[in-house]
Structures are given as structure tokens and as C-alpha cells.
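Scroll down for the structure; my scribbles are underneath it.
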Amino acid sequence: MYHLACVNCGATYPADEILYNCKKCGHLLAVKYPLDEISVSKATWNSRPLSVWRYRELLPVKIDPVTLQEGGTPLYHLKRIGDELGLPHLYAKHEGMNPSGSFKDRGMTVGVSMAIQLGKKSVACASTGNTSASLAVYAAKAGIPAVVLLPAGKVAVGKVAQALMHGAKVISIRGNFDRALEMVHDLCLSHGLYLLNSINPYRLEGQKTIGFEALDQLGEIPDRFVLPVGNAGNISAVYKGFLELQELGFMDRLPMMTGIQAAGSSPVVRAIRENLPEVIPDENPETIATAIRIGAPVNAEKALVAIRKTGGLAESVTDEEILRMQRDLARMEGIGVEPASAASVAGIRKLVESGMIDRNEKIVCVVTGHLLKDPDSVIKQCEPPTEINADLPSLLSALHL
Numbered sequence: 008m009y010h011l012a013c014v015n016c017g018a019t020y021p022a023d024e025i026l027y028n029c030k031k032c033g034h035l036l037a038v039k040y041p042l043d044e045i046s047v048s049k050a051t052w053n054s055r056p057l058s059v060w061r062y063r064e065l066l067p068v069k070i071d072p073v074t075l076q077e078g079g080t081p082l083y084h085l086k087r088i089g090d091e092l093g094l095p096h097l098y099a100k101h102e103g104m105n106p107s108g109s110f111k112d113r114g115m116t117v118g119v120s121m122a123i124q125l126g127k128k129s130v131a132c133a134s135t136g137n138t139s140a141s142l143a144v145y146a147a148k149a150g151i152p153a154v155v156l157l158p159a160g161k162v163a164v165g166k167v168a169q170a171l172m173h174g175a176k177v178i179s180i181r182g183n184f185d186r187a188l189e190m191v192h193d194l195c196l197s198h199g200l201y202l203l204n205s206i207n208p209y210r211l212e213g214q215k216t217i218g219f220e221a222l223d224q225l226g227e228i229p230d231r232f233v234l235p236v237g238n239a240g241n242i243s244a245v246y247k248g249f250l251e252l253q254e255l256g257f258m259d260r261l262p263m264m265t266g267i268q269a270a271g272s273s274p275v276v277r278a279i280r281e282n283l284p285e286v287i288p289d290e291n292p293e294t295i296a297t298a299i300r301i302g303a304p305v306n307a308e309k310a311l312v313a314i315r316k317t318g319g320l321a322e323s324v325t326d327e328e329i330l331r332m333q334r335d336l337a338r339m340e341g342i343g344v345e346p347a348s349a350a351s352v353a354g355i356r357k358l359v360e361s362g363m364i365d366r367n368e369k370i371v372c373v374v375t376g377h378l379l380k381d382p383d384s385v386i387k388q389c390e391p392p393t394e395i396n397a398d399l400p401s402l403l404s405a406l407h408l
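See the structure below:
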């Protein structure tokens, strides 16, 4: 009931062909459904639990999925931060509440399920951390081996720990993420492992459900949908999902897709600002937000379309702005996220303060990973615990009472 299609030349391929790029022009692929043949109602979806698989009519998996009950993440009204910024309708969808602690679980439940459906016996990825953790978790659930390549010294310890504990073969390379992706791509093509980076069009199908859930939770279409951008798969996936809902008649307009990058790793932002036809990679991306430290995003082609077609924006934020928002989310809203996650809300702070967005907009920011993904960044910016003698006078003195 679906097939693969090139986003550039339109060439089509069977659903069961193992492809990551178009054989004719080399561009990215997308999953295309015969939407005019799909019969589903909002009432049907609303009768199911809020999760990735609530929307199974718009997913490619036809077998029992490999699932850990991912999705159903909370949508929070950021009232205190919104009051400070003069934004009464500011929301955060906390993807760190997924099973492995990041949005990647949405893609991996679909991606690993597709690996089984396509008869693949092992899976692999390159990662800045969250992808490796999620792949290891879902491969373990499926009972198949997983191989992950990481840039040495550039991945937060919490994410490495997850990949190791769940049994993946973890290999660190002396190079950046972009080189790791090139290597694992070559490995998968030459030795038959199933590649589950976001260049895989099936993995992105799971990630589009972030947008589906946010619409259901908000009860209306937001004016702006904001995501951190690393490899640009998330913003591309959510936009694709919205287009499908629009064609099905569930949406009469699209939110303005807005991508936020770290200042030290911002090729998509540069392409939007300078109206470039494609991104120019950052040779040496650098940021405290390790999850989006990617200089050559493989889904940039799709992301540029998403931003431009919806009248959205792209903005970059400094590490200082990211860390400030990470603290504000924790201390003003009780929401603990890793640095890259805070980039989306930090970007909105920057855009509203510069007069780039209307303060009455209904804005959904996706915060992508849990605080404990990167505990080192937390420890470095917080005061250590106060150590005292074990007596009441010392306690009162420490509390200035």
C-alpha cells in the first residue's frame, strides 16, 4: 500500500527494496502512501492510547511492531517562561519522557520493526549519542545485534552507558559524526546490516508522530512548531506528517516550521538566511549541545523545504543561551532536558526578543532528550552540594537560619 519516492526526481521504488538514496540522482527518499485509499477517522485514533502506534494507518509496519510503548509524551504549558517572554501560548513537548529518554525511540520502534519485516538480521548507526542508545534498546527488544559508531570523546556519558548496557557493539572513531556516518553507511551497503540513521526513510515515519500527538493534545493547530536541528530528520518528519494530515482533511493549514541550531553548528540556518539552494557543511562543528553537533545534516534537503514552504524561520543560539534555557526550564518549569533540547525554547526567546515572531502565536517547542542524558554538562554549571558536619547548628548555618 506504499512505496518509496525520491524527493528530487520523483523516481519510485518498491517498498521492500533496501535503499537509502535514489538510484537515479542520489537524493533522499520518502515513504509515500495512497492517502486517497486510507480510511481513518479522528474518532478511531482518539479511541486508542496516545502513542506512536495510535497512528498505525500512516506507518509502514505490517507485522507486530517492536515496541516499548513509546510516544504519549507530555505537552507542557510553559507558563512562567511564557510570562517572562510575553508569550501566553508557549508549550513544550517533552520527548525525553520516551523509554530511552529521547525522541529517537519514535523512529527506532518503526525502524527496527521494518528491519524485521524486511528480513534483516542486524542493525547499525552512527550517532552523537541518542540514536545509539535508542538503537541498542530496540535491537535488544527485537533480539538482534546492533553496531554503533560514535565520534571519540564527543558523546555524553549517559548515552554511551545506555548503548553499552543494552548490548550494542560500540566503536569510537577518531573523527566527527559526519565521518562516522560515512563509514557506517559503507558498512551497511557492503555487509548487509540495516542502516538506521535518519537517512533511512522508514525511521522518519515514526518521528512524524511527534506532530500528530501535539495536535491531539493541544486540540488545535499551533501557529509555529519549533525543533532543534542536528541531522534535520525531526523537522523533516514532522512536516511530512502534517502534509499527510492536510491531504486527509485533518488540517486546513500548516504550522510555521522553525528550526534552531547551535551557533557552532548551523549550516541550515546559514542556508535559510542566505537563501542558498543547499547547505554548505560546517567542516568542524562544535557546541556543548552534543546531540546537534552535526556539520553536514543528511536531511537538510528536506528541512529547507519544510521551513521555506511554511514560511518558517531558522535561528542559531550560542552555547550560553542554550545552557541558560536549560537552567530556566528546570528551575522555572520543572522540566529537565539535555542541552540540545533546550535549543528550541532558547531559539524562541531569541526570536521574540528580536521581534521576529508575534507574541500571540500558539507555539509548540519540541524538547528532545532527558536531563540525565548528559549529566556532565549539569554538574559543570551547578554549584556542588554543601557539605556540613552532622549536627543541627551546622545545618542551620548552611541554610542561613
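In our numbering, the protein residues as written are 8 to 408.
No residue lacks a Cβ here, since even glycine has one placed at the ideal position from N, Cα and C.
Since the model is a prediction, treat every value here as computed from it, not as a measurement.
Inspect the beta-carbon positions of residue i and residue j and report whether they are closer than 7 Å.
i: Ile295; j: Ser351; result: no
i: Arg181; j: Ala159; result: yes
i: Ala146; j: Val130; result: yes
i: Gly136; j: Leu379; result: no
i: Thr138; j: Pro72; result: no
i: Ile370; j: Leu97; result: yes
i: Arg210; j: Gly114; result: yes
i: Leu336; j: Gln388; result: no
i: Met332; j: Ala353; result: yes
i: His34; j: Ala22; result: no
i: Gly237; j: Lys215; result: no
i: Leu156; j: Met190; result: yes
Three-state secondary structure (DSSP) at residue i?
i: Cys195; result: helix
i: Val130; result: strand
i: Lys380; result: helix
i: Ala269; result: strand
i: Tyr98; result: strand
i: Val31; result: Per the sequence shown, residue 31 should be read as Lys rather than Val. It is coil, neither helix nor strand.
i: Arg315; result: helix
i: Thr294; result: coil
i: Arg356; result: helix
i: Val305; result: coil
i: Met264; result: strand
Using the Cβ count rule (16 or more neighbours within 10 Å means buried), how would you classify residue i?
i: Thr80; result: buried
i: Asn53; result: exposed
i: Asn207; result: buried
i: Arg300; result: buried
i: Met264; result: buried
i: Met172; result: exposed
Return the first residue and the last residue of the beta strand (DSSP E) that residue i is part of.
i: Val374; result: 370-374
i: Ser323; result: 321-324
i: Leu200; result: Careful: Leu200 lies outside any beta strand (DSSP E) and carries neither H nor E.
i: Val14; result: Unbroken run through Val14: none, as it is neither H nor E.
i: Ser179; result: 176-180
Along the chain, where does the alpha helix (DSSP H) containing residue i start, and where does it finish?
i: Arg63; result: From DSSP, Arg63 is part of no alpha helix (DSSP H); its letter is neither H nor E.
i: Ala221; result: 216-225
Q. If you pair each beta-carbon of the region 194-202 with each one of the region 167-180, do three or more pairs fall below 8 Å?
A. no
Q: Say whether the region 390-398 touches the region 260-280, bearing in mind that this needs 3 or more beta-carbon pairs closer than 8 Å, one atom from each stretch.
A: no
Q. Are the region 245-265 and the region 98-108 in contact at 8 Å, needing three or more beta carbon pairs?
A. no
Q: Evaluate the contact criterion for the region 55-70 versus the region 30-46: three or more CB pairs, one atom per stretch, below 8 Å.
A: yes
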